[in-house]
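Q: Residue numbers for the sequence shown follow our numbering, so the first one is 2 and each next one is one higher.
The C-beta atom is built at its ideal place from N, Cα and C for all residues, glycine as well.
Computed from a predicted model, the values in this text were never measured in an experiment.
Encoded as structure tokens, here's the structure I'll be asking about.
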Amino acid sequence: MTGKAAIEHVVVLMLENQSFDRLLGFVRLDDPTQRLDGVSGEESIPADPADPARRVRVRRATTPAAYVTDPTPGHQLDDITMQLFGAERVPAPPTATMDGFVWNYAKQPGADGRPIGPGPAEAVMECLDPGLVPVISTLARSFVVCDRWFSSVPGPTWPNRFFVHAATSGGLIDSPTDAQSLAGFLGTRFRLRTIYEQLAARGRTWAVYFGDHAQAFALSTLHRYASDGFRRLETFARDVEGGTLPSYSFLEPQYMDLPGSPASDQHPPHDLREGERLIAWVYDTLRSREEIWRKCLLVLLYDEHGGFYDHVPPPAAVAPDDVSAGNAAFRFDRLGVRVPALLVSPWVGKGRVDHRTYDHTSVLATLRALFDLPEPLTRR
Numbered sequence: 002m003t004g005k006a007a008i009e010h011v012v013v014l015m016l017e018n019q020s021f022d023r024l025l026g027f028v029r030l031d032d033p034t035q036r037l038d039g040v041s042g043e044e045s046i047p048a049d050p051a052d053p054a055r056r057v058r059v060r061r062a063t064t065p066a067a068y069v070t071d072p073t074p075g076h077q078l079d080d081i082t083m084q085l086f087g088a089e090r091v092p093a094p095p096t097a098t099m100d101g102f103v104w105n106y107a108k109q110p111g112a113d114g115r116p117i118g119p120g121p122a123e124a125v126m127e128c129l130d131p132g133l134v135p136v137i138s139t140l141a142r143s144f145v146v147c148d149r150w151f152s153s154v155p156g157p158t159w160p161n162r163f164f165v166h167a168a169t170s171g172g173l174i175d176s177p178t179d180a181q182s183l184a185g186f187l188g189t190r191f192r193l194r195t196i197y198e199q200l201a202a203r204g205r206t207w208a209v210y211f212g213d214h215a216q217a218f219a220l221s222t223l224h225r226y227a228s229d230g231f232r233r234l235e236t237f238a239r240d241v242e243g244g245t246l247p248s249y250s251f252l253e254p255q256y257m258d259l260p261g262s263p264a265s266d267q268h269p270p271h272d273l274r275e276g277e278r279l280i281a282w283v284y285d286t287l288r289s290r291e292e293i294w295r296k297c298l299l300v301l302l303y304d305e306h307g308g309f310y311d312h313v314p315p316p317a318a319v320a321p322d323d324v325s326a327g328n329a330a331f332r333f334d335r336l337g338v339r340v341p342a343l344l345v346s347p348w349v350g351k352g353r354v355d356h357r358t359y360d361h362t363s364v365l366a367t368l369r370a371l372f373d374l375p376e377p378l379t380r381r
């Protein structure tokens, strides 16, 4: 039996706002022929592209202080333009230099409302020692790392998460306003055709498991599945134990940091260790029932890079639809910054690296191939 034929359950856990170099840049695999495109510690960028002589090097973070980054680095479209190109506007041609991360972070407001400045901004160059994040590092050494998985757009959480459900964001490139978010959860502001309708049409089961709330529910096309398609995160373990895990499971972390209930999304300034605990829980839950584990593919992903340094320029991309291609602010013809991505399954190799280019729509292409779904949702 081939791996493709054996896989009956795909589980995606998507966390928040970490770049590939930030979490996996210093990971080394046991097989010397398997080399991640990470960092050596010699990489450097200017503190300000206008003054290239003053360089800031990548730092190997080894202390618990690295678990919390406050304030959060910028990750809106304009911020990412500065990070990629070291300029406030996209040049022609759009050749990314990846040298504006410190410059952009220095402009972010601190607790007093004023820019934090270049000194504190050097924190954006910290790449974590694998010992600080032992769960994701161990999984990387034990399964497959995709070291060219890019976020779908150079923008924040919402458009990137829409891409993993619908292969488009419907032209959305920035974070929605509070009113727009509410219009998504309660109304029809974000009406996109999704992979979930395709799965249901083929008789395949699915569920979105969520911590405090499901961002996926902002897609109004999914509102009719509210009673059976959306489940609390803790029921994931019950479904695995009971042998009722759906064909496709999409897991959302807890996004809000509440007393006695910390956020597990790893979005700054939340503590990275809570996300590590969530990753371990998901993995251990799947391993707890052998008949499920033997038929499972777990994809560990991050929605976008969160403003943290990465050295690999994002490639060009296909605009998913005419609405996106016609957006005056961004034509959806470039991918976003690289993010951590792992493939975890008994059907993949141990300590291997996949250098092929992916983005979040690769999840949907995989589901189409595994479950014989109809035509692609979009051109992407």
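Return helix, strand or coil for Trp348, following the three-state DSSP convention.
A: Coil, per DSSP.
Q: Do you know offhand how far Gly101's Cα is from Pro155's?
A: Each residue's alpha carbon lies about 14 Å from the other.
Q: Which residue or residues does DSSP assign as beta-bridge partners of Met15?
A: Note: Met15 sits in a beta bridge opposite Leu302.
Q: Just grab the DSSP bridge partners of His10 for me.
A: Answer is Cys297, bridged to His10.
Q: Can you round the beta-carbon distance between Phe27 and Asp130 to whole angstroms, since I take them to be within the 8 Å contact cut?
A: Confirmed, Cβ separation roughly 6 Å.
Q: Tell me, please, whether the CB atom of Glu17 is closer than 8 Å to any CB atom in chain B?
A: Looking for chain B here will not work: only one protein chain is present.
Q: Using the C-alpha atoms, what's the distance from Val349 back to His166?
A: For His166 and Val349, the distance between alpha carbons rounds to 24 Å.
Q: Of all the beta strand (DSSP E) runs that stay within the bounds of the segment 115 to 150, which reach a length of 3 or more residues?
A: Taking only runs of at least 3 residues, the beta strand (DSSP E) segments lying wholly in the segment 115 to 150 are 127 to 129 and 145 to 147.
Q: Quick one: using the 10 Å Cβ neighbour count with 16 as the cut-off for buried, is Ser152 buried or exposed?
A: Buried.
Q: Express the C-alpha separation of Arg290 and Met2 in angstroms, rounding to a whole number.
A: Because Met2 sits at a pLDDT of 46, beneath the cut-off of 50, its placement in the model cannot be relied upon, and the following sentence gives the value as read from the coordinates. Their backbone Cα atoms lie some 20 Å apart in a straight line.
Q: Would you kindly report the start and end of the unbroken beta strand (DSSP E) that includes Val28?
A: Counting along the chain, Val28 falls outside any beta strand (DSSP E), and DSSP gives it neither H nor E.
Q: Less than 8 Å between the C-beta atoms of Leu298 and Ile8, yes or no?
A: For Leu298 and Ile8, yes; Cβs fall inside 8 Å.
Q: Just how far apart, CA to CA, sit Tyr359 and Val145?
A: Each residue's Cα considered, the two are about 14 Å apart.
Q: Does the distance from the C-beta atom of Asn18 to that of Gln216 stay below 8 Å?
A: No; because the gap between Cβ atoms is not below 8 Å, this pair is not in contact.
Q: Are the segment 278 to 287 and the segment 312 to 319 touching by the rule of at least three beta carbon pairs closer than 8 Å?
A: Segments in contact, no.
Q: According to DSSP, what are the bridge partners of Ala342?
A: For Ala342, which the question treats as bridged, DSSP gives the partners Leu302.
Q: Would you say the segment 332 to 350 touches the segment 72 to 91, given that touching needs at least three Cβ pairs under 8 Å?
A: Counting Cβ pairs under 8 Å, three or more are found: they touch.
Q: Just how far apart, CA to CA, sit Ala112 and Thr73?
A: Roughly 11 Å between the two C-alpha positions.
Q: Tell me where the alpha helix (DSSP H) around Pro160 begins and ends.
A: Unbroken alpha helix (DSSP H) run through Pro160: Thr158 to Ala167.
Q: Pull up the distance between the alpha-carbon of Trp294 and that of Gln181, whole angstroms please.
A: In a straight line, the C-alpha of Trp294 is about 39 Å away from that of Gln181.
Q: Are there three or more Cβ pairs, one per stretch, closer than 8 Å when the segment 244 to 252 is compared with the segment 196 to 212?
A: Yes: the two stretches touch, three or more of their Cβ pairs being nearer than 8 Å.
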